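Every letter in the sequence shown is one number past the one before it in the numbering used here, and letter 81, counting from 1, is 105.
Backbone N, C-alpha and C define an ideal beta-carbon position, used for all residues, glycine too.
Given the structure is predicted, the values throughout are model-derived calculations rather than measurements.
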Amino acid sequence: MIGNEIEAALNKQISAEANSSHLYLAMASWAETRGFEGVSNFFYSQSDEERQHMLKLVRYVNERGGHAKAPAINEPSKMFDCLTHVFQNFLDHEVKVSALINDLVHLCHEKRDYTTQNFLQWYVAEQIEEEALARTILDKLKLIGDDKGGLYLFDRDVNQLTVTSAAAPDINA
Ligand code: OFO
Numbered sequence: 025m026i027g028n029e030i031e032a033a034l035n036k037q038i039s040a041e042a043n044s045s046h047l048y049l050a051m052a053s054w055a056e057t058r059g060f061e062g063v064s065n066f067f068y069s070q071s072d073e074e075r076q077h078m079l080k081l082v083r084y085v086n087e088r089g090g091h092a093k094a095p096a097i098n099e100p101s102k103m104f105d106c107l108t109h110v111f112q113n114f115l116d117h118e119v120k121v122s123a124l125i126n127d128l129v130h131l132c133h134e135k136r137d138y139t140t141q142n143f144l145q146w147y148v149a150e151q152i153e154e155e156a157l158a159r160t161i162l163d164k165l166k167l168i169g170d171d172k173g174g175l176y177l178f179d180r181d182v183n184q185l186t187v188t189s190a191a192a193p194d195i196n197a
């Protein structure tokens with residue numbers, strides 16, 4: 025059985041994951057209306073992933089005898105100026121989510137809920153990956169700058185970028 029405080033904290037995280045999904049949906053839509061088809065597919069799939077993260081938490085809370093609540097979703101307030109701005113927001117958002125996960129792990133430790141602490145290790149690892157991916161993509165965009173041909177190729181190839189490949193210098197090849 026899950027404790028009340030942990031249940032409430034996990035419900036907050038459910039809300040954070042739902043809002044992440046919504047923010048990435050806004051990014052996907054922004055990119056689609058600007059003709060960046062690859063970036064838009066990238067964020068549509070990030071948005072789907074965040075929903076999966078939310079569902080994983082929902083199922084866990086309910087399996088442990090708690091009650092996961094369907095969260096209210098805030099309208100993302102941000103509009104974006106350019107691709108670098110979008111990916112900077114992506115990174116900033118992931119850094120914030122990592123801090124939330126760390127706080128949750130800390131709370132589990134304090135409450136001696138080692139089962140939930142263990143369950144959350146998956147999220148800890150996921151955050152490392154997502155932050156690294158956002159950083160490596162941003163580095164790539166900084167190299168490209170305003171070069172239209174570079175941005176065209178970036179958009180074409182962004183879905184193939186991984187943490188390792190984005191660090192390599194030959195996306196334009
Ligand atoms: Fe939910 O994975 Fe990052 O935010």
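Query - Beta-carbon proximity check, serine 69 vs serine 45, cutoff 8 Å - result: In the sequence shown, the residue the question calls residue 69 occupies position 45. In the sequence shown, the residue the question calls residue 45 occupies position 21. No; because the gap between Cβ atoms is not below 8 Å, this pair is not in contact.
Query raised in the report: Touch check for the segment 58–66 and the segment 26–39: three-plus C-beta pairs under 8 Å?
Result: Remark: fewer than three beta-carbon pairs, one from each stretch, lie closer than 8 Å, so the segment 58–66 and the segment 26–39 are not flagged as touching.
Query raised in the report: In whole angstroms, what separates the C-alpha of serine 122 from that of leucine 49?
Result: One-based indexing of the sequence shown puts residue 122 at position 98. One-based indexing of the sequence shown puts residue 49 at position 25. Rounded to the nearest angstrom, the two C-alpha atoms are 20 Å apart.
Requested in this report: Indicate, with yes or no, if the ligand OFO has a heavy atom lying under 7 Å from the CB of serine 44.
Outcome: As a first step, residue 44 is located in the sequence shown; it is residue number 20 there, counting from the start. Result yes, Cβ under 7 Å from the ligand OFO.
Query raised in the report: So what does DSSP say about arginine 88, is it helix, strand or coil?
Result: In the sequence shown, the residue the question calls residue 88 occupies position 64. Three-state DSSP puts arginine 88 in coil, outside helix and strand.
Query - Three-way DSSP call (helix, strand, coil) for leucine 177 in this model - result: Indexing the sequence shown from 1 puts residue 177 at position 153. Collapsing the DSSP output to three states places leucine 177 in a helix.
Query raised in the report: Would you call the CB atoms of isoleucine 125 and asparagine 43 closer than 8 Å?
Result: If you number the sequence shown from 1, residue 125 lands on position 101. If you number the sequence shown from 1, residue 43 lands on position 19. Taking a C-beta distance under 8 Å as the contact criterion, isoleucine 125 and asparagine 43 do not qualify as a contact pair.
Requested in this report: Can you give me the Cβ contacts of proline 193 inside the same chain, cut-off strictly under 8 Å, excluding the 5 residues immediately before and after it?
Outcome: The residue labelled residue 193 in the question sits at position 169 within the sequence shown. The predicted model places proline 193 with a pLDDT of 49, which falls under 50 and marks its position as unreliable; any figure quoted below should be read in that light. Leaving aside the five residues that flank proline 193 on each side, the residues in its chain whose CB is nearer than 8 Å to its CB run, in chain order, Leu167.
Report task. Could you check what DSSP says for glycine 169 in three-state terms: helix, strand or coil? Result -> Taking the first residue of the sequence shown as position 1, residue 169 is located at position 145. The answer is coil: DSSP assigns glycine 169 none of H, G, I, E or B.
Report task. Can you give me the Cβ contacts of alanine 1 inside the same chain, cut-off strictly under 6 Å, excluding the 5 residues immediately before and after it? Result -> Nothing in the structure corresponds to residue 1, since the chain is present only between 25 and 197.
Query raised in the report: Does the ligand OFO have a heavy atom nearer than 7 Å to the CB of glutamate 56?
Result: Taking the first residue of the sequence shown as 1, we reach residue 56 at position 32. Every heavy atom of the ligand OFO is 7 Å or more from the Cβ of glutamate 56, so no.
Query raised in the report: For histidine 91, which option in Ile30, Glu150, Phe143 and Phe66 has the closest C-alpha, if you only look at C-alpha atoms?
Result: Sequence index remark: in the sequence shown, residue 91 carries index 67 (1-based). Comparing Cα positions, the closest option is Ile30.
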